[in-house]
Each structure stands twice: as structure tokens, then as C-alpha cells.
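Shown next, in C-alpha cells, is the structure this report addresses.
Numbering (the working numbering), first residue to last: 1 to 207.
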């Protein structure tokens with residue numbers, strides 16, 4: 001077991017610092033089989049409300065304090081959800097191969113009515129609210145910068161990238177860099193990553 005030095009000079013086991021990911025037995029309780037063999041890493045502080053809706057392919061890392069509360073979440077190959085991100089709502093969310101959420105991102109597949117015509121929040125009867133639901137999809141090779149908010153019904157096409165602190169809604173074009181509130185196209189994005197990904201997967205499966 002690894003140890004670090006505390007401020008008082010006393011060794012502390014790394015396990016005491018919330019530095020651990022779920023082991024195979026713990027992942028099985030979530031319905032995830034062969035997690036280690038598939039290189040799936042889910043931090044022990046992550047919250048997963050509907051584990052029965054998870055579809056995880058391989059080489060996935062879900063970092064500390066991530067909250068996942070959607071009835072259907074599909075993560076492809078080599079997907080990273082970074083610290084303190086939130087995926088929440090009543091419709092599905094999908095992240096394609098080599099897709100990335102940076103620190104503190106928010107993906108919503110449901111949204112309250114902010115107009116004042118209806119009440120809000122889940123503590124009141126559904127008949128008094130007007131919540132809309134729509135799936136969210138992030139294509140292959142997409143990346144979302146820190147503290148960005150993605151609203152219901154959004155689709156990031158293959159290779160689209162969003163800068164930090166952006167607000168995203170609607171359909172984003174492939175291999176384009178976006179940013180701002182609301183997010184707008186800024187410039188084309190280079191496509192070498194796609195070829196690198198194809199070679200990487202080819203070598204991975206060949207080995």
C-alpha cells in the first residue's frame with residue numbers, strides 16, 4: 001500500500017485520501033462485468049443513480065465527484081468524464097469514442113420551464129410543472145471544456161470542440177471549435193486526431 005506524509009509527519013494510506021477507483025467486485029454490484037479487463041475506472045466518490053442503464057464499452061475513466069443520474073448512458077471507447085461533472089435528466093446521454101468532458105461540465109437531458117407559467121423542481125407534483133426532455137449525443141473525438149453547460153437535445157457532431165465556460169444548445173458542426181454564451185463557431189478544427197484514433201484502435205486490437 002502506498003503512503004504519503006501528512007502535515008504532522010504521520011504516514012497516511014492513500015486509500016484514506018479518496019484516491020481509489022472501484023474494484024471488480026464493486027463494479028459487479030453496479031452490473032459492470034469484467035471492468036478491470038476492459039480498463040473501466042470509476043472513482044469511489046462518483047454517484048450513479050441508474051446503474052442498470054449503463055452501457056460501457058472499454059477504456060473509460062469516471063473521475064471523483066462525478067454525478068450520473070440518467071436512465072440511459074452509453075460511453076464508447078476511451079472516454080473520460082473529469083472531476084465534478086454532472087450528467088442528469090430523464091432522457092439518454094451518449095458519448096462516442098475518444099470523447100472528453102473536462103472538469104465541472106454539466107450535461108442536462110431535462111429542463112424545467114423558466115417562464116413562470118409552471119412551477120419548478122421535483123418536489124412538486126408533475127402536473128404543476130412543464131419539464132422538457134431530449135437526448136444528448138457527443139460524437140467521436142469531441143471535447144468539452146471546463147465548466148461548460150450542455151442543454152437537452154444538443155448534438156455534438158464528430159470532432160466538434162467546445163471551449164471552457166460555454167453554453168451549448170442545438171446541433172454543432174463536425175470538426176469545428178465553438179465557444180461562448182451561447183456557443184458559436186470560432187474556427188475549423190484539425191482532423192489529424194481521427195486518423196490517429198483509427199491507427200490507435202487498429203494497433204490496440206491487433207495486439
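Using N, Cα and C, we set each Cβ at its ideal position, and we do this for glycine too.
Distance between beta carbons of residue j and residue i, contact taken as under 8 Å
i	j	result
residue 20	residue 41	In fact, because the Cβ distance is near 10 Å, the residues do not count as touching under 8 Å.
residue 101	residue 82	6 Å
residue 161	residue 132	Not a contact, Cβ separation roughly 26 Å.
residue 139	residue 157	5 Å
Rounded separation between residue i and residue j - CA only
i	j	result
residue 124	residue 63	32 Å
residue 27	residue 195	33 Å
residue 205	residue 60	16 Å
residue 192	residue 130	44 Å
residue 121	residue 176	35 Å
residue 137	residue 25	30 Å
residue 182	residue 148	11 Å
residue 90	residue 51	14 Å
residue 49	residue 66	11 Å
residue 199	residue 105	29 Å
residue 219	residue 188	An answer regarding residue 219 cannot be provided, because it is not within the stretch 1 to 207 covered by the chain.
residue 92	residue 71	6 Å
residue 203	residue 23	27 Å
residue 134	residue 37	33 Å
Same chain, Cβ closer than 6 Å to residue i, neighbours up to 5 away in sequence not counted
i	result
residue 179	163, 166 and 186
residue 77	57, 58, 59 and 97
residue 79	60, 95 and 99
Nonlocal neighbours in the same chain, by C-beta distance under 8 Å from residue i, ignoring five residues either side
i	result
residue 103	82, 83, 84, 85, 146 and 147
Cβ shell of residue i (< 7 Å), same chain only, five flanking positions each side left out
i	result
residue 33	none
Tell me, please, whether the segment 96-112 touches the segment 151-165 by the rule of three or more beta-carbon pairs shorter than 8 Å.
As far as the Cβ criterion goes, the segment 96-112 touches the segment 151-165, which means the pair count is three or higher.
Within the segment 61-119, ranges of the beta strand (DSSP E) (whole runs, at least 3 residues):
Qualifying beta strand (DSSP E) stretches, in chain order: 67-69, 73-81, 86-88, 93-95 and 106-108.
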